[in-house]
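Peer 1: The sequence shown begins at 322 in the numbering used here and counts up one residue at a time.
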Amino acid sequence: MVASAPLDALENKRILLLTGKGGVGRSIVTAALAHIAQRRGRRVLVAELGDDPEDYSPLARYFGRDRLPVEPEELVPGIRGVVLLARTGQDLFLRQVLRSSTLARAALGSDAIRRLLSAGPSFREMGIFFQLLALLRLSHADGGHEHEVVIVDMPATGHALSLTGLPDLLLRLVPGGPIADALREGKGYLNDPEQSAAWVVTLPETLPVSECLELLGGLRRTEMPIGGVFLNRFPVDAYTPEERAALAPLLAEHDVLGAETFHRPGLAHRETTRLRASTDAPIYVLPEVPHAHVVAALTDATEHAWRLPPNAPQAPRRDGAP
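Here you go:
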């Protein structure tokens, strides 16, 4: 493995989408990337998709909160946060089209229109898409962008692809008008590799790696630029090859407490080899970190993440070195 900070290649990106199977550590990697970008002097906005502003937020807890605010608000110095809600985006869109907040509120207050907007999944994604676009449009007093980098903690695979594939899907149905204009503007951001990148967070385990590969294929089909893969919670092998050779026969004959931990580095090596052989996307290895001060520890680890070379990977040594 070679040392290579993943944000070196993302210095000028405006949009980072973090996605992956549930339970792989997507939210904490999002928080770590936000802290790294803030360290480098950028104005950062972290966001996640939500259905109800009162829902508990996995991302917010890494900033000492139960939920993210419905309007961008500073969570810690240099990092703001917001929850992306379909209704917020739909309201923003109607205000722009109708040019009247009163008419927009009246439209959204209509039971018929509300049922229509809730009936089809694309209407939900459209609202979230437009809110994200509105946040990207904001200007700062210095003439630059209000949010120099927006890092979105995306939901699991299917919902992420619904959002990245939304512009092409709806442009086939609605090729003209204000909806099409907004879709083309947003598509210009998302599909521009100079501005955007999707990152898949996974674990060195069988099911997460399989879903990671499916997700990479889906992102390519929606023309979403791929930044790479974060291989999270990579176990450090505590045993030398000689120690493993001596212990393996004993574990094969007896049920021993801790046998699963003994076998984890071998499983991680096998699944990492499969991942490396199945994609040309950059892969960055993030080690397991102590639970105490986990965000600070993972931020430091991400800053100096190990990037796998194109050839077959090797597991970290017992001292954690690549």
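Note that the Cβ used here is the ideal one computed from N, Cα and C, for glycine as well.
In this text, all values refer to a predicted model and were calculated from it rather than measured experimentally.
CA-CA distance, Leu415 and His466?
Peer 2: Distance between the alpha carbons of Leu415 and His466 is about 24 Å.
Peer 1: With Tyr510 as the anchor, note down where its alpha helix (DSSP H) starts and where it stops.
Peer 2: 499 to 511
Peer 1: Could you check what DSSP says for Ala462 in three-state terms: helix, strand or coil?
Peer 2: coil
Peer 1: Which two residues bound the contiguous beta strand (DSSP E) that contains Leu552?
Peer 2: 547 to 555
Peer 1: How far does the alpha helix (DSSP H) with Ser348 in it extend, from its first residue to its last?
Peer 2: 347 to 360
Peer 1: Starting from Tyr605, follow its DSSP beta bridges and name the residues at the other end.
Peer 2: Phe551, Arg628
Peer 1: Return the CA-CA distance between Lys508 and Leu588, expressed in angstroms with no decimal places.
Peer 2: In a straight line, the C-alpha of Lys508 is about 39 Å away from that of Leu588.
Peer 1: Please list, in chain order, all residues of the same chain as Arg638 whose beta carbon is under 6 Å from its beta carbon, the five residues on each side excluded.
Peer 2: The pLDDT assigned to Arg638 is 48, lower than 50, so where the model puts this residue is not dependable, and the model offers no usable value.
Peer 1: For Val522, list the residues DSSP reports as bridge partners.
Peer 2: Phe551
Peer 1: Have a look at Val391 and Pro570 and give me their C-alpha separation to the nearest angstrom.
Peer 2: 57 Å
Peer 1: Hey, is the segment 379 to 398 in contact with the segment 335 to 345, meaning 3+ C-beta pairs nearer than 8 Å?
Peer 2: no
Peer 1: Measure from the alpha carbon of Val404 to the alpha carbon of each residue in Asp412, Asp372, Glu574, then state which is nearest.
Peer 2: Asp372
Peer 1: Reducing DSSP to helix, strand and coil, say where Gly344 ends up.
Peer 2: coil
Peer 1: Quick one: using the 10 Å Cβ neighbour count with 16 as the cut-off for buried, is Arg360 buried or exposed?
Peer 2: Exposed, because fewer than 16 other Cβ atoms sit within 10 Å of the Cβ of Arg360.
Peer 1: Is it the case that the segment 393 to 403 contacts the segment 498 to 518, given that we only count it when at least three CB pairs across the two stretches are under 8 Å?
Peer 2: no
Peer 1: Starting from the Cα of Gly538, find the closest Cα among Ala519, Leu552, Gly410 and give me that residue.
Peer 2: Checked all of Ala519, Leu552, Gly410; the closest Cα to Gly538 is Ala519.
Peer 1: Opposite Arg401 in the DSSP bridges: which residues?
Peer 2: BP columns for Arg401 point to Leu366, Glu395.
Peer 1: Tell me, which residues are paired with Asp474 by DSSP?
Peer 2: Leu339, Glu369
Peer 1: Taking the alpha-carbon positions, what's the Thr485 to Pro379 distance?
Peer 2: 22 Å
Peer 1: So is Leu596 buried or exposed if we call it buried at 16+ other beta carbons inside 10 Å?
Peer 2: buried
Peer 1: If you run the structure through DSSP and keep just helix, strand and coil, what is Ala642?
Peer 2: Bear in mind that a pLDDT of 42 at Ala642, under 50, signals an unreliable position, so the number given afterwards is only what the model happens to contain. Three-state DSSP puts Ala642 in coil, outside helix and strand.
Peer 1: If you measure between the beta carbons of Pro525 and His575, is that distance less than 9 Å?
Peer 2: Contact: no.
Peer 1: Can you give me the Cβ contacts of Pro529 inside the same chain, cut-off strictly under 7 Å, excluding the 5 residues immediately before and after it?
Peer 2: Lys342, Val345, Thr523
Peer 1: Could you name the residues of the same chain whose beta carbon sits closer than 8 Å to that of Arg541, not counting the 5 residues immediately before and after it, in chain order?
Peer 2: Ile547
Peer 1: When we look at the beta-carbon of Pro630 and count the other beta-carbons within 10 Å, is it buried (16 or more) or exposed?
Peer 2: exposed
Peer 1: Starting from the C-beta of Asp376, find all residues in its chain whose C-beta is less than 7 Å away, skip the five residues before and the five after it, and write them out in chain order.
Peer 2: Apart from sequence neighbours up to five positions away, the residues of its chain that approach Asp376 with a beta-carbon distance below 7 Å are Arg388, ordered along the chain.
Peer 1: Taking 6 Å as the limit between beta carbons, can you name the residues of its chain near Asn333, skipping five residues before and five after?
Peer 2: Its chain contains no residue whose beta carbon lies nearer than 6 Å to that of Asn333 once the 5 sequence neighbours on both sides are disregarded.
Peer 1: Once you ignore the five residues that flank Tyr510 on each side, which residues in its own chain have a CB closer than 8 Å to its CB?
Peer 2: Arg335, Ile336, Leu454, Leu457, Gln516, Ser517
Peer 1: Are there 16 or more other CB atoms within 10 angstroms of the CB of Leu437, so buried, or fewer, so exposed?
Peer 2: Because Leu437 sits at a pLDDT of 47, beneath the cut-off of 50, its placement in the model cannot be relied upon, and the point is left open.
Peer 1: Whole angstroms is fine: what's the gap from Pro374's alpha carbon to Ala573's?
Peer 2: 51 Å
Peer 1: Considering only residues of the same chain and omitting the five flanking positions on each side of Glu506, which have a CB-CB separation below 8 Å?
Peer 2: Cβ-Cβ distances below 8 Å link Glu506 to Leu454 in the same chain, with the five nearest sequence neighbours on each side left out; the list follows chain order.
Peer 1: Cβ of Phe551 within 9 Å of Cβ of Val350?
Peer 2: yes
Peer 1: Taking Leu607 as the reference, which of Pro476, Ser460, Asn553 has the closest Cα?
Peer 2: Asn553
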